[in-house]
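**Q** Using my numbering, read the sequence shown as starting at 1 and increasing by one per residue.
Think of the CB as a built atom: it goes at the ideal place given N, C-alpha and C, for glycine as much as any other residue.
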Amino acid sequence: MVLLQVQSLSKRFGETPAVDDLNIDIDSGESLVLLGPSGCGKSTLLRMIAGFETPDRGCIRLSGQDITHIPAHQRQTNMMFQSYALFPHLDVAGNVGFGLKQAGLARAHIAKEVGALLDLVSLQGFQRRRISELSGGQRQRVALARALARKPKLLLLDEPLGALDKSLRMETQAELLRLRQTLGLTMLIVTHDQDEAMVLGDRIAVMRAGRFEQVGTPREIYEEPANRFVAGFCGETNLIEGVVGWNEIVSSLGTFYAPRGLAKGTKVTLALRPEAIRVGTTGRVSGTLQAQAYLGDITYLTVACNGGETLKVMQTNAGSASTEFKPGSQVWLDFDGRALRVLTD
Ligand code: ATP
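(1) So, does the CB of A276 fall closer than 7 Å to a CB anywhere in chain D?
(2) Beta carbon of C40: closer than 6 Å to some heavy atom of ligand 1?
(3) Have a look at the DSSP bridge pairing and note the partners of Q7.
(4) Looking only at C-alpha atoms, which of I67, R211 and P160 sits nearest to T191?
(5) Going by the DSSP bridge assignment, what does I204 pair with across the sheet?
(6) Using a Cβ distance threshold of 8 Å, determine whether the segment 132-147 contacts the segment 63-73, with at least three qualifying pairs required.
(7) Mark Y84 as exposed unless 16 or more other C-beta atoms lie within 10 angstroms of its C-beta, in which case mark it buried.
(8) What are the uninterrupted segments assigned as alpha helix (DSSP H) that are 4 or more residues long and contained completely in the segment 111-155, given in chain order?
(9) Count the other CB atoms, across all protein chains shown, that sit within 10 Å of the CB of L185; report buried if there are 16 or more and exposed otherwise.
(10) For N95, count neighbouring C-beta atoms within 10 Å of its own C-beta (all shown protein chains included) and say buried if the count is 16 or more, exposed if not.
(11) Residues in the same chain with beta-carbon distance under 8 Å from K326, minus the five sequence neighbours each way, listed in chain order, please.
(12) Three-state secondary structure (DSSP) at Q74?
(13) Report the residue from D91, G254 and M314 whose alpha carbon sits nearest the alpha carbon of D297.
(14) Let's test the definition: count the other Cβ atoms within 10 Å of the Cβ of D158 and tell me whether it reaches 16, buried, or not, exposed.
(15) What residues in its chain sit with their C-beta under 8 Å from that of E359, if we drop five residues either side in the sequence?
(16) Is A18 near ligand 1, judged by its Cβ being under 6 Å from some heavy atom?
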C-alpha cells in the first residue's frame with residue numbers, strides 16, 4: 001500500500017532548481033534512502049515532505065490525503081535532524097516526552113510512554129540525565145526516541161548517523177533496522193554515505209542536481225547502474241571508454257559483445273567493479289602493479305594496463321586464495337566479460 005506520494009514536486013532558490021519535478025511513491029513499511037552529493041537537493045525534498053519548506057509546484061500526499069499545504073506540526077510525519085536539535089535545558093525524559101506534553105497528554109501516561117521509548121532505544125533509566133551528560137551516540141538515540149514518540153506514519157531522517165564514528169554508526173544502523181522491524185516504520189532517510197544507503201534502504205534514490213538519476217534496490221543500483229554517474233557514485237568502479245563496432249564493443253581492454261540496439265559508432269562506457277577482476281599470472285590483459293593497500297580482509301591494487309587504462313582491483317584475502325605481487329611486477333588481469341556493464345550516458 002502506498003503511504004507517501006510525491007508528484008511533480010519542484011522548488012527553486014533563486015536560479016537554482018533545488019528539487020526539479022520529482023515523482024516518487026513510498027510504500028507503507030518501506031525504507032527509502034535519498035543518496036547523492038552535497039547540494040543535490042536531498043534535504044530540500046525531505047524538508048518539503050516534513051512541511052518546513054513550501055514547494056513551488058507539485059503535490060505531496062500521505063495516505064491519499066493532500067498535505068502539501070498543511071503545517072508541519074499537523075502532518076503525521078516526524079523529522080530527525082543530523083544535529084539532533086535536542087533541548088539542552090530539558091533532561092532526557094523532557095526531550096523525549098516534549099511532543100506528548102504539547103499534545104496535552106496526562107503526566108502519568110507521558111512517563112509510561114517515555115519509559116517504553118527509552119527501552120526501545122536501549123537507554124533504560126536515563127530519564128533524569130541532562131543532555132550535556134550524554135555521549136554523541138546516546139544523544140542520537142534520545143533524538144530517535146523523541147522522533148518516534150508521536151508515532152509518526154512516516155519517519156524522516158536527515159543524515160541521522162552523520163555525527164557518529166564508524167563503529168557506533170554500524171551499531172546504530174543495526175538498531176534502526178531492529179526498530180523498524182519492531183515498529184513497522186516507514187522511513188525516508190537522507191545520506192551521502194553509500195554504505196549506509198545500502199544497509200538502510202529497501203530502495204535507494206540516487207539524486208543529482210534536483211533529479212533522480214535512478215531509483216532501485218541496492219542490488220539494482222550497484223549491479224545495474226543506469227549511467228556513469230550512478231556507477232561512479234555507488235561503490236568503486238572502473239570506467240573504460242569504448243566504441244560500438246558491427247557487433248562488438250572495442251575498447252583498450254579488448255573486444256566484447258555489444259548489447260542489441262546500439263548503433264555502430266556509438267560511444268559507450270564500460271563499467272567494471274574492482275572485485276570482478278582477478279590478478280594472476282595469466283588473464284585477458286597485462287599490466288604493471290603500481291600500488292597495493294592491504295586492509296586485512298581485502299587488498300586494493302592499482303594496475304597500469306599495457307593498453308593504457310589504470311584499473312582498480314579488489315581481492316579478498318580469505319584463506320590462501322590471493323597471490324602476493326610486489327609493486328612494479330608484471331601481472332595479468334582476468335575477468336568475466338559478463339561482469340562488464342555497458343553504459344551509454
Ligand atoms: P547536503 O548533503 O550538503 O546537505 P543536500 O543534497 O541536502 O546537500 P540541499 O540542502 O537540499 O542539498 O540544497 C540543494 C540546493 O539548494 C543547493 O544548491 C543549496 O545551496 C540550495 N539551497 C538550499 N536551501 C537554501 C536556502 N534556504 N536558500 C537558498 N538556497 C538554498
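**A** Working from what's here:
(1) Absent from the structure: chain D. Only one protein chain is present.
(2) Annotation for C40 indicates a beta carbon within 6 Å of some heavy atom of ligand 1.
(3) Beta-bridge pairing links Q7 to C59.
(4) Closest by alpha carbon: P160.
(5) BP columns for I204 point to V33 and G216.
(6) Counting C-beta pairs with one atom in each stretch, the segment 132-147 and the segment 63-73 have fewer than three that are closer than 8 Å, which means they do not touch.
(7) Residue burial annotation: Y84 is buried, with at least 16 other C-beta atoms found within 10 angstroms of its C-beta.
(8) Correct list: 136-149.
(9) Burial call: buried.
(10) The residue is buried, with at least 16 neighbouring Cβ atoms inside 10 Å.
(11) Excluding sequence neighbours, K326 sits near L289.
(12) Here Q74 sits in helix by DSSP.
(13) Just measuring C-alpha positions, the residue of D91, G254 and M314 sitting nearest D297 is M314.
(14) Per the 10 Å Cβ criterion, buried.
(15) Outside the displayed span of the chain (1 to 345) sits residue 359, for which this structure offers no information.
(16) Residue side-chain check: A18 places its Cβ nearer than 6 Å to a non-hydrogen atom of ligand 1.
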